[in-house]
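Report on the following structure.
This is the structure in structure tokens:
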């Protein structure tokens, strides 16, 4: 409650306040629980999204595992484990959504990775462990965003940002900043989103082309949200050119999938009010998506259905929403749940239409 009150006053007054500034203490950890890099859910799940967060430095969050780390020697095996875990976790969220694995990933970070971060290691290995940990915290943040737990997601994005900074990993740092921008934009904080998009773009200046493109695409969306059409289109076009360049290894942190880029183009065109171009970009995104990217397929399909309905194309909307319902049961995603709710709300006025009525019946049977 203290954090919620403080955040409300911060937004009202336009300056950063901490609980102590208004005579309140921060939300305490449960009795007997020490500070940790992965706080207990009973604490973290109450954390609100904050416009100007001031999270504790990583060093203070790792104090409780220092002795365990001193007795452990970290090396290349731990680095390989972190990198493989990050890649697999990224595939997992794309396939199943964020709801299945967030608890398991949190436990791995709290019980194992926290120890490795404190363990004696060479300078190179320490940097690699910090970078690998940053990528896993980033994936955990994505899982939290997918579950619409935006305060915890912000906390883990900050953790990833700190670790990437300590590791001097500009690619991961740019990716994290870009996702912080996307989160802020989704929550309606356009100015913060634009600042973070610019920071991501600046950070990506000396990174591989896919990372540059990834950051630049979000800057394009941020420009479009401000109705800066020329800057938006220039950014998304350049991002597409960068992403098209070959010779980069596949992977969630080393490549930029065309499906994701087309989705960003759709967001740009949506902000600029070009309905036809938005539909074209979403269709391109769908065509390029892997059949294992169930979450992306579902959300892209739902977005396309909503666009069709906006211009009165009910049959096309129903066809797309039918595709969405085919995928939905395999996901554990609160964002997908919200899309299902939107389906019900948007189709309810059309329940006399045969296809719409069938979809509403199917949607009711999918209630969780």
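In the numbering used here, the protein residues as written are 198 to 565.
No residue lacks a Cβ here, since even glycine has one placed at the ideal position from N, Cα and C.
- Between the alpha carbons of residue 421 and residue 468 lies a gap of roughly 6 Å.
- Taking a 10 Å sphere around the C-beta of residue 448, we find fewer than 16 other C-beta atoms and assign the residue as exposed.
- The beta carbons of residue 295 and residue 343 sit closer together than 8 Å.
- Setting aside the 5 residues that flank it on each side, residue 379 is surrounded in the same chain by 415, each with a C-beta closer than 7 Å to its C-beta; the list follows chain order.
- Here DSSP, grouped into helix, strand and coil, assigns residue 386 to coil.
- Pairing residue 533 with residue 559 gives a Cβ-Cβ distance that is not under 8 Å.
- Of the candidates 393, 436, 239 and 487, 436 places its Cα closest to the Cα of residue 465.
- Around the Cβ of residue 326, a 10 Å sphere holds 16 or more other Cβ atoms; the residue is buried.
- When the beta-carbon positions are compared, residue 371 and residue 412 come within less than 8 Å of each other.
- With 16 or more other CB atoms across the displayed protein chains lying within 10 angstroms of its CB, residue 500 is buried.
- Pairwise C-beta distances place the stretch 238-253 out of contact with the stretch 275-290, as fewer than three of them are shorter than 8 Å.
- The distance from the Cβ of residue 410 to that of residue 440 is about 4 Å, consistent with a contact at the 8 Å cut-off.
- Between the stretch 315-331 and the stretch 500-517, the count of C-beta pairs closer than 8 Å stays below three; the two stretches do not touch.
- Closest by C-alpha distance to residue 297, out of 305, 540 and 529, is 529.
- In this structure, DSSP gives residue 487 a state outside helix and strand, which the three-state scheme calls coil.
- The beta carbons of residue 522 and residue 547 sit no closer together than 8 Å.
- Secondary structure of residue 270 (DSSP, three-state): coil.
- The DSSP-derived three-state label of residue 551 is helix.
- Residue 357 sits close to residue 331, with the two beta carbons spaced by under 8 Å.
- Less than 8 Å divides the Cβ of residue 374 from the Cβ of residue 396.
- Within the same chain, and ignoring the five residues on either side of residue 405 in sequence, the residues whose Cβ sits closer than 8 Å to its Cβ are 368, 445 and 451.
- Here residue 349 carries a helix assignment [DSSP, helix/strand/coil].
- Here residue 543 really is in contact with residue 506; their C-beta atoms are around 6 Å apart, less than 8 Å.
- DSSP, reduced to helix, strand and coil, places residue 401 within a helical segment of the structure shown.
- Here residue 459 has 478, 479, 481, 482 and 485 as same chain residues with Cβ atoms under 8 Å from its own Cβ, once five neighbours each way along the sequence are excluded.
- In the DSSP assignment, residue 459 falls within the alpha helix (DSSP H) that extends over 455-468.
- Looking from the CA of residue 424, the closest CA among 376, 494, 391 and 555 belongs to 391.
- Sequence-distant Cβ neighbours of residue 269 in its own chain, meaning closer than 6 Å and more than five residues away, are 312 and 316.
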